[in-house]
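Residue numbers (the working numbering): 63 to 365.
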């Protein structure tokens with residue numbers, strides 16, 4: 063009798079997990095369709111407006127068409143899917159594998175977007191990439207428009223990781239990142255646990271953009287990669303979400319060749335403290351190796 067009960071529980075848990083994943087996927091699709099509809103409606107309204115003013119005369123029919131299109135667009139904005147369910151499902155899925163303090167804090171109120179990927183590279187490659195400050199200059203020189211890491215100003219140890227502060231500078235006066243931030247700012251990078259890394263970037267008027275990365279091993283050669291972005295910027299939220307989705311996809315696209323090169327290296331060489339650079343830009347990765355390098359194989363994997 064006891065064996066039957068024990069057998070049923072894992073089956074029920076798997077069914078529950080599957081239901082959560084399906085609900086999460088459906089909500090993501092709904093949100094994606096809604097976001098895609100916004101530029102589509104704007105394009106349609108713009109096209110009708112140009113057509114109406116092309117001959118210098120606006121007919122009653124054209125006024126009605128513009129009014130109808132604008133009314134439908136306003137209705138579309140009010141039909142925005144509820145983010146709370148998607149965010150709660152996403153938190154539930156992550157919470158099984160990541161001890162994430164950030165999603166339990168007031169960051170949840172500033173939630174913007176989430177993305178998740180299954181990447182065909184060892185989990186340690188992603189951690190190395192996230193904690194190596196210099197990759198911002200080399201790997202992301204295009205998307206960040208030759209941003210420079212000019213100084214590591216502070217490094218503090220924590221029980222499960224560490225926190226580092228570093229200054230970044232925008233060389234070019236035409237760098238598009240200037241719409242977000244001052245030319246020189248101090249950025250925070252925090253290792254919360256073996257799976258969670260936080261990047262916090264100051265922007266104008268004491269606002270911030272915070273990115274929470276989760277890298278969870280699936281097996282020796284694959285990992286599940288979550289990206290959560292939060293901000294208290296008072297921009298039009300749908301536009302900001304589209305911009306953040308685009309920026310996130312672009313930086314991930316730049317990461318792929320770098321992660322592939324790391325995966326071709328000897329995995330043990332990434333976990334030996336003696337082979338990790340002593341430069342300040344690698345301080346947080348050295349801390350990771352000190353804490354988790356010797357028993358990384360014992361870290362739980364995502365089933």
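All C-beta atoms in this analysis are idealised placements derived from N, C-alpha and C, irrespective of residue type, glycine included. Predicted model only: the values in this text are computed from it and were never measured.
Note down the Cα distance separating residue 246 from residue 346, rounded to an integer number of angstroms.
-> In the chain shown, residue 246 corresponds to position 184, counting from 1. In the chain shown, residue 346 corresponds to position 284, counting from 1. Put simply, the backbone Cα of residue 246 is about 22 angstroms away from that of residue 346.
Residue 330: buried (16+ other C-beta within 10 angstroms of its C-beta) or exposed?
-> Within the chain shown, numbered from 1, the residue matching residue 330 stands at position 268. Label assigned to residue 330: exposed.
Answer yes if the region 312-320 comes into contact with the region 211-222, meaning at least three C-beta pairs across the two stretches below 8 angstroms, and no otherwise.
-> Below 8 angstroms, too few C-beta pairs join the region 211-222 and the region 312-320 to call them touching: fewer than three.
Own chain partners of residue 344 with C-beta closer than 7 angstroms, once the 5 adjacent residues on each side are dropped = Here residue 344 refers to the residue found at position 282 of the chain shown. Beyond the five residues adjoining it in sequence on each side, residue 344 comes within less than 7 angstroms, by CB distance, of 194 and 338 in the same chain, given in chain order.
Buried or exposed by the 16-neighbour rule on C-beta atoms within 10 Å, applied to residue 279 = For the purposes of this step, residue 279 is taken as residue 217 along the chain shown, with counting starting at 1. It is buried - the Cβ of residue 279 has at least 16 other Cβ atoms within 10 Å.
What does a CB cutoff of less than 7 angstroms around residue 126 pick up in its chain, not counting 5 residues either side in sequence?
-> As a first step, residue 126 must be located in the chain shown, where it is residue number 64. The answer is none, since no qualifying residue turns up.
DSSP-derived helix/strand/coil call for residue 356 = One-based indexing of the chain shown puts residue 356 at position 294. Under the three-state reduction of DSSP, residue 356 is assigned to helix.
If you drop the 5 nearest sequence neighbours on each side, which residues of the same chain put their C-beta closer than 8 angstroms to that of residue 303?
-> Position 241 of the chain shown holds residue 303. Taking C-beta separations shorter than 8 angstroms and ignoring five residues to either side along the sequence, the partners of residue 303 in its chain run 97, 174 and 175, following chain order.
Bridge-paired residues (DSSP) for residue 293 = By 1-based counting over the chain shown, the position of residue 293 is 231. Bridge partners of residue 293: 271.
Look at the alpha carbon of residue 307 and the alpha carbon of residue 93, and state the distance between them as a whole number of angstroms.
-> Numbered from 1 along the chain shown, position 245 holds the residue referred to as residue 307. Numbered from 1 along the chain shown, position 31 holds the residue referred to as residue 93. For residue 307 and residue 93, the distance between alpha carbons rounds to 12 angstroms.
Outcome for residue 179 when other beta-carbon atoms lying within 10 angstroms are tallied against a minimum of 16 = Locating residue 179 in the chain shown gives position 117, where the first residue counts as 1. Counting Cβ neighbours within 10 Å, residue 179 comes out exposed, since fewer than 16 surround it.
So what does DSSP say about residue 120, is it helix, strand or coil?
-> Counted from its first residue, the chain shown places residue 120 at position 58. Residue 120 sits in coil when the DSSP states are folded into three classes, being neither helix nor strand.
Is the beta carbon of residue 265 sitting closer than 8 angstroms to the one on residue 274?
-> What you label residue 265 is simply residue 203 of the chain shown in a count that begins at 1. What you label residue 274 is simply residue 212 of the chain shown in a count that begins at 1. No. Outside cutoff.
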